[in-house]
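In my numbering, the protein residues as written are 344 to 907.
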């Protein structure tokens with residue numbers, strides 16, 4: 344192996360296909376942490392080691408180790424789960440986690456505050472209801488997003504089926520997960536175990552895949568390493584436009600890092616989806632940067648080798664030639680709240696889960712309410728990429744019962760403004776080790792002040808896409824928001840403006856290292872001009888560009904970091 348590779352590459356190579364010494368780390372009762380190398384390998388099993396940053400102060404002075412805890416992220420392709428599975432998630436969240444469930448922007452759930460000795464029984468319990476956490480994190484393909492489409496029932500079934508097949512096709516083949524967590528006996532004799540797609544060092548960095556169904560871009564398909572845009576005719580799936588090279592993460596002050604939207608490679612019929620997915624992954628495996636993890640995502644590979652060369656390599660590996668890209672038109676990147684009726688006659692209710700946190704709090708016992716719904720619901724649940732939850736497949740005779748439970752527990756979107764309904768935030772403090780500033784805990788209060796400004800200027804009823812993250816890694820996809828707030832330090836954020844409200848345009852830095860009063864002053868002025876100069880039907884992001892408040896990002900390599 345090249346001596347210049349980063350440390351993670353060596354850890355993976357020496358891990359015996361993701362086993363490491365995880366068994367020994369889990370058995371070590373002298374610490375709540377995993378061994379450093381095992382903490383890296385654990386991510387491939389869906390496990391992140393974290394520290395409660397609220398309670399760590401003063402522990403070192405008392406010769407106590409930091410308050411380590413673990414977070415588990417599940418694999419749940421397209422965010423679909425059954426009521427039985429939801430009840431299992433609810434139970435382990437209450438009994439083995441911190442008493443909450445976190446719905447993520449990748450349509451799965453995270454369980455926070457898990458102590459090390461609770462981790463194995465937690466994983467075993469979710470596996471009993473056919474949910475695993477393989478590839479929840481780590482340098483492999485992660486949870487595959489899919490438009491939850493509550494209306495076109497037959498079409499959703501087709502497209503979600505492909506999302507599941509992509510997820511299964513791109514899973515690691517090692518039996519390490521089953522041996523360590525599910526107590527499967529190692530296979531003795533026979534052929535040596537191998538990873539035919541990933542190899543012993545897996546991918547250079549994380550890899551994200553999404554499947555979109557126009558006209559809704561709730562999955563933000565252009566922000567993914569690999570994207571499939573469904574081309575349909577009525578309720579018939581004709582195939583997919585294939586996208587590659589999207590990614591949100593950047594690093595403050597490092598111009599060599601930047602968010603990027605995916606490029607279009609071409610059109611393929613459904614039967615070519617899996618071979619193309621493998622070809623894109625294997626090309627990134629072989630050509631990706633294994634020296635600098637900051638530059639290891641597929642977006643940097645494509646920028647380095649060139650789109651034409653990358654496309655030709657994928658075609659050669661897949662044994663096909665892409666067809667011409669089919670025309671598509673996206674209209675928005677949000678959720679439809681309330682009841683909608685599907686083509687099969689069933690009803691679907693999209694609930695509002697602020698920032699994806701399912702918890703019981705005064706006046707809004709969300710966890711209890713969802714548990715009651717799961718006990719009577721006959722359809723499925725669908726986590727949305729905007730951190731909400733759809734109660735899908737409700738028969739007419741159950742609508743009243745489901746709505747009554749949801750209303751009694753504060754789960755309906757009623758009374759929320761379009762600004763709040765279009766906002767999402769990452770977890771950030773106190774658990775995320777990357778967080779530089781608050782996000783989930785702070786954003787609701789800031790939104791209240793932003794809503795007042797919008798109402799004062801007469802634009803409080805205009806839908807807006809606002810997103811906040813505690814760091815520039817971009818987990819809540821802030822760089823395609825109409826208003827993005829990206830943590831820079833305690834109480835400080837970069838203000839980004841100019842997304843198009845459809846997820847197909849990057850925004851641009853408009854204010855750097857701003858405090859709350861500075862953010863509110865900037866938005867106050869923006870709303871004032873928006874109210875006075877807005878054209879009919881024009882969104883805030885498009886207005887920001889048309890009015891010359893920000894310039895569009897034409898080439899993120901050259902101009903993303905340049906303000907206004």
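Every residue, glycine too, gets a C-beta built ideally from N, C-alpha and C. Predicted, not measured: the structure shown is a model, and the values here were computed from it.
Hey, how far is the Cα of residue 424 from the Cα of residue 864?
43 Å
Please list, in chain order, all residues of the same chain as residue 351 whose beta carbon is under 7 Å from its beta carbon, the five residues on each side excluded.
383, 636
Using a 10 Å radius around the Cβ and a threshold of 16 neighbouring Cβ atoms, would you call residue 826 buried or exposed?
A residue is called buried once 16 or more other Cβ atoms fall within 10 Å of its Cβ, and residue 826 is buried on that count.
Figure out for me which residue from 414, 394, 484, 418 has the closest Cα to the Cα of residue 407.
Taking the Cα of residue 407 as reference, the smallest distance to any Cα among 414, 394, 484, 418 is reached at 394.
Going by the CB atoms, is the gap between residue 671 and residue 608 shorter than 8 Å?
no
Below 8 Å on the Cβ atoms is my contact criterion, and I expect residue 477 with residue 520 to pass it. Report the Cβ-Cβ distance as a whole number of Å.
Indeed they touch by this definition, with Cβ atoms about 5 Å apart.
Using the three-state DSSP reduction, which class does residue 457 fall into: helix, strand or coil?
strand
Smallest Cα separation from residue 705: which of 676, 752, 730?
752
Could you give the residue range of the alpha helix (DSSP H) that holds residue 351?
350–356
Below 8 Å, can you find three or more Cβ-Cβ pairs linking the stretch 812–819 to the stretch 583–598?
Judged by pairs of C-beta atoms under 8 Å, the stretch 812–819 touches the stretch 583–598, as three or more such pairs exist.
What's the C-alpha gap between residue 357 and residue 484?
21 Å
Residue 601 - partner residues in DSSP beta bridges:
Answer by DSSP bridge pairing: none, since residue 601 is not bridged.
What's the C-alpha gap between residue 372 and residue 899?
Cα to Cα, the separation comes out at about 48 Å.
Looking only at its chain, what residues have a beta carbon closer than 6 Å to the beta carbon of residue 645, apart from the 5 residues adjacent to it on each side?
588, 653
Between which two residues does the beta strand (DSSP E) holding residue 694 run?
690–694
Roughly how many angstroms lie between the CA atoms of residue 458 and residue 370, to the nearest whole one?
13 Å
Output the boundary residues of the alpha helix (DSSP H) element that contains residue 656.
650–661
Please list the terminal residues of the continuous alpha helix (DSSP H) segment that includes residue 485.
Note, residue 485: premise wrong, no alpha helix (DSSP H); not H, not E.
Determine the direct distance from the alpha carbon of residue 659 to that of residue 426, and round the result to whole angstroms.
43 Å
Using DSSP's beta-bridge definition, name the partner residues of residue 836.
Within the DSSP bridge table, the entry for residue 836 names 830, 857 as partners.
Alpha carbon to alpha carbon, how far is residue 612 from residue 574? Give it in angstroms, no decimals.
9 Å
Please state whether the Cβ-Cβ distance between residue 762 and residue 731 is less than 8 Å.
no
Nearest to residue 433 (by Cα), restricted to the options 452, 422, 448
452
If we ignore side chains and look at the alpha-carbon of each, how far apart do residue 903 and residue 470 end up?
43 Å
In chain order, which beta strand (DSSP E) runs of at least 3 residues are fully inside the stretch 762–820?
Runs found: 766–768, 809–812.
Taking residue 831 and residue 560 to be in contact with their CB atoms under 8 Å, please state how far apart those CB atoms are, rounded to whole angstroms.
Not a contact, Cβ separation roughly 28 Å.
Give the DSSP bridge partners of residue 411, in chain order.
394
What does the Cβ neighbour count give for residue 460, buried or exposed, with the cut at 16 atoms within 10 Å?
By the 10 Å Cβ count, residue 460 comes out exposed.
Can you list, in chain order, the residues of its chain whose CB lies under 7 Å from that of residue 495, leaving out five sequence neighbours each side?
578, 686
State the start and end residues of the unbroken beta strand (DSSP E) segment that holds residue 611.
606–611
Cβ-based neighbour list, residue 768, same chain, cut-off 6 Å, excluding 5 preceding and 5 following:
698, 782, 783, 786, 811, 819
Those runs of the beta strand (DSSP E) which lie wholly inside the stretch 534–565 and span at least 3 residues
Counting only runs of at least 3 residues, the stretch 534–565 fully encloses the following beta strand (DSSP E) elements, listed from N- to C-terminal order: 552–555.
How about residue 771 and residue 780: are their beta carbons less than 8 Å apart?
Yes, these two residues count as a Cβ contact at 8 Å.
Under a Cβ-count criterion, where at least 16 other Cβ atoms within 10 Å of its own Cβ denotes burial, should residue 847 be classed as buried or exposed?
buried
Measuring straight from C-alpha to C-alpha, what distance separates residue 723 and residue 462?
26 Å
Whole-angstrom C-beta distance between residue 397 and residue 773, which should lie under 8 Å
4 Å
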